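The sequence shown begins at 59 in our numbering and counts up by one. The C-beta atom is built at its ideal place from N, Cα and C for all residues, glycine as well. As the structure is a computational prediction, the values presented were derived from the model and not from experiment.
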Amino acid sequence: MIFQLQFGWQKELEAKFQEIDKMYKSYQQEAYLLPENLKRKREDEIVAKEKEVKELQKKRFGNGGDLDKKRIELMKPIQDKVYNAIERIANEKNYAFILDKSGSATLLFVNSKYDISDQVLDLLGYSAKPSDGDMPATGTSEPKRKDNPEMKKPY
Numbered sequence: 059m060i061f062q063l064q065f066g067w068q069k070e071l072e073a074k075f076q077e078i079d080k081m082y083k084s085y086q087q088e089a090y091l092l093p094e095n096l097k098r099k100r101e102d103e104i105v106a107k108e109k110e111v112k113e114l115q116k117k118r119f120g121n122g123g124d125l126d127k128k129r130i131e132l133m134k135p136i137q138d139k140v141y142n143a144i145e146r147i148a149n150e151k152n153y154a155f156i157l158d159k160s161g162s163a164t165l166l167f168v169n170s171k172y173d174i175s176d177q178v179l180d181l182l183g184y185s186a187k188p189s190d191g192d193m194p195a196t197g198t199s200e201p202k203r204k205d206n207p208e209m210k211k212p213y
């Protein structure tokens, strides 16, 4: 859905930029025949049209634009479901906090016994166990570092 919107808006903008290009080429061909006041008028029309299209581009694709708003609108129900599932598990198991381990740069070691990713997926109705040919589900990978008694712990 989001890609269709994005594609449609991109086509709309491309058509408008082509229209500006035609206006400019037409102006270039006729400029030497036009009196100064008509030249200025046509230049102003081209500049105004270009400004209008750039504002539309910013409205559609800029920061906080229509595309961003649509993404947020589509993602919010999914994020709410995931948050509610996590909150329910945390309350049931009396967890004080839950870390998001998807950002591996912030988490150096994860003890798999505290990983509730499979439980969240189960609660949302997804299978945590991959079937033949499927990619592994989130949270089923081994910890980044295994405990090694010869290694000194950083704490």
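Collapsed DSSP secondary structure at Thr198 in the structure displayed
The pLDDT assigned to Thr198 is 44, lower than 50, so where the model puts this residue is not dependable, and the model offers no usable value.
Cβ shell of Gln115 (< 6 Å), same chain only, five flanking positions each side left out | Leu71
Problem - Pair within 8 Å by beta-carbon distance, Lys139 and Leu182 - result: yes
At least 3 beta-carbon pairs within less than 8 Å: the region 72-85 vs the region 98-116: With the cut-off at 8 Å, the region 72-85 and the region 98-116 touch.
Alpha carbon of Phe119 to alpha carbon of Lys171, nearest angstrom: Using only the alpha carbons, I get a separation of about 43 Å.
For the region 60-68 against the region 123-136, do three or more pairs of beta-carbon atoms, one drawn from each stretch, fall closer than 8 Å, so that the two count as touching?
yes
TODO: Rounded to whole angstroms, what's the CA-CA distance from Gln68 to Ala154? Just pull it up for me.
DONE: 46 Å
Relative to the C-alpha of Phe65, which residue among Asp124, Lys159, Asp173 and Ile147 is closest?
-> Asp124
Fill in: Nearest-angstrom Cβ-Cβ length linking Gln177 and Ile156, presumed shorter than 8 Å
That pair is no contact at about 11 Å.
Cα separation between Glu88 and Ala73?
23 Å
> Taking the runs of the alpha helix (DSSP H) that are 4 residues or longer, which of them lie wholly in the region 77-136?
Replying inline: 94-119
### Query
In angstroms, rounded to a whole number, what distance separates the CA positions of Asp158 and Asp173?
10 Å
task = Just the C-alpha distance for Glu101 and Pro93, rounded to the nearest angstrom, thanks.
result = Spanning the two alpha carbons is a distance of roughly 12 Å.
* **Simplified DSSP state of Ser175, which is helix, strand or coil** => helix
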